[in-house]
Structures are given as C-alpha cells and as structure tokens.
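Engineer: The structure is given below, and queries will be raised subsequently.
Numbering (UniProt numbering), first residue to last: 1 to 170.
Below you can see the structure in the form of structure tokens.
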C-alpha cells in the first residue's frame, strides 16, 4: 500500500507538496522526502509530532537520540509510517530547523495501491514557492494569572521582615 500525503507549509500563501510513499517506510524516509520536495539542504534537525484533528501538537518523534539513554523516546528511523498513521489518525506536524521553525502540517490524504513501474517515494504535485525565510510564529504560553491586571496575591516584595529565612543565609 501507498500513503499519499499533502504537506502544507504553515504560511499565509498556499505552499504545499503532495508526496506518495510506501506505508512501510519510516518517518525518516518521509522526512527526507519533505526536505527534498521543499528544497532544503537537509543539514538541520527536525521532528515529527503526532497531531489530532485540530493540529494540536502531541508526542514528539525525534530525528536523533539525544536523550542520554531514555528508552521512552521514539526515533524517526525506527518508526514505520503505518505504526503511527491510519484512516483514523491522519495528521502529523513536522518541524524542520529549530532555529527558524519551518512548520508543516502533514496529512495522510489517501491510501492507495502500489502502481507498477513507479518509484517510491514520489513527488506527485508542487504548489507555491517556499519563501526565503521561515514564516514568523506566534508562540502563546498557557494563561498566566499574574498577567491579569486584577491579579493580587498579597505579596509585598519590599517586606523583607516577613521572610522566613535569614537575609544573610549564604
């Protein structure tokens, strides 16, 4: 079987690539296909993230093992596509180059039969030009109660007498 993906760059303009790849290939194979399809040089680190229907970032699947022996992490080269994707689980997030944060939405669009004489992975369709710089990202923290102008925790930073330690403790 073949997985057909639409890989969409998270930008205002429509920039996407349609890629087909064998369902038994790994996420590393998909990573390499995305890098080639978008014209990156492949020298930057990347990760996939499991995602739900609202594109919420879930579990990370790493390109390299930099955990120092943590056996609980998943690696791209050890993770087959069909072990994380199915007709029910169709979405992944892909981040390439953690300094520039090229972010892509990867969606399994179709599961098809292998076509004789076709090489896989296969770049099926190209739409739009990738910008010269990664699109800006707006990162939002969880709601911070201290950011609320009405927040009052009754803590006086100038009231040193109420501290429960000697001010010269070190």
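A virtual CB, placed ideally from N, CA and C, is assigned to each residue, including glycine.
1) State the DSSP-derived secondary structure class of residue 29, mapped to helix, strand or coil.
2) Decide if the segment 56-67 is in contact with the segment 102-110; the criterion is three or more beta carbon pairs, one per stretch, under 8 angstroms apart.
3) Looking at the unbroken alpha helix (DSSP H) that takes in residue 83, where does it start and where does it end?
4) Are the Cβ atoms of residue 127 and residue 76 separated by less than 9 angstroms?
5) Determine the DSSP secondary structure at residue 59, reduced to helix, strand or coil.
6) Work out the CA separation of residue 102 and residue 87 for me, nearest whole Å.
7) Look at the Cβ atom of residue 96, then the Cβ atom of residue 37, and state whether they are nearer than 9 angstroms.
Structural biologist: With the structure as the only source:
1) Position 29 of the chain shown, counted from the first residue, corresponds to residue 29. The answer is helix: DSSP assigns residue 29 an H, G or I state.
2) no
3) The residue labelled residue 83 in the question sits at position 83 within the chain shown. 81-84 is the extent of the alpha helix (DSSP H) around residue 83.
4) Walking along the chain shown from the start, residue 127 turns up at place 127. Walking along the chain shown from the start, residue 76 turns up at place 76. Contact flag unset, no.
5) Taking the chain shown and counting its residues from 1, one reaches residue 59 at position 59. Three-state DSSP puts residue 59 in a strand.
6) Counting from 1 along the chain shown, the entry for residue 87 is found at position 87. Counting from 1 along the chain shown, the entry for residue 102 is found at position 102. Going from the Cα of residue 87 to the Cα of residue 102 covers about 26 angstroms.
7) In the chain shown, the residue the question calls residue 96 occupies position 96. In the chain shown, the residue the question calls residue 37 occupies position 37. The answer is no: Cβ separation not under 9 angstroms.
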